[in-house]
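First comes the structure, then the notes that go with it.
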Amino acid sequence: MKDMSIPLIAQLCLAFGMAGLFWPEKFLAVFDVLMFPWPSGYRTVRANSIAAIILAVLLFLAIWARPH
């Protein structure tokens, strides 16, 4: 199970990133709770979704470049 942690995190980042880009209105309620004093908007959701996709790509590259 230890070997599956990084690929699982990469898949979750990719899934939530794509979902945030396709359905930002569904994630607005979550971001309202997470960013309590500040109002959340579509721009914030899209920026975090793009950052999650970039993180998934970086994790994939880390897995791919790891020596075996």
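Per this note's numbering: the sequence shown = residues 9 to 76. Idealized CB from N, CA, C, for every residue including glycine.
Do Gly-28 and Ser-48 count as a contact pair if the criterion is CB distance below 8 Å? On the sequence shown, residue 48 is found 40 positions in, with the first residue counted as 1. On the sequence shown, residue 28 is found 20 positions in, with the first residue counted as 1. No. Outside cutoff.
Tell me the residue span of the alpha helix (DSSP H) that contains Ser-13. Position 5 of the sequence shown holds residue 13. Unbroken alpha helix (DSSP H) run through Ser-13: 13 to 30.
Where the alpha helix (DSSP H) through Phe-68 begins and ends: Within the sequence shown, numbered from 1, the residue matching residue 68 stands at position 60. Start and end: 50 to 73.
Near Gln-19, what residues of its chain come up, given a Cβ to Cβ distance below 8 Å and the 5 sequence neighbours on each side ignored? Within the sequence shown, the letter at position 11 stands for residue 19. So the qualifying residues of the chain are Ala-64.
For Pro-32, which of Thr-52, Ala-70, Leu-67, Leu-66 has the nearest alpha-carbon? The residue given as residue 32 occupies position 24 in the sequence shown. When each option's Cα is compared against that of Pro-32, the closest is Thr-52.
My guess is that Ile-71 and Ile-14 are in contact by the Cβ rule of under 8 Å, so how many angstroms apart are they, rounded? Taking the sequence shown and counting its residues from 1, the one referred to as residue 71 is at position 63. Taking the sequence shown and counting its residues from 1, the one referred to as residue 14 is at position 6. Right, their Cβ atoms sit about 6 Å apart.
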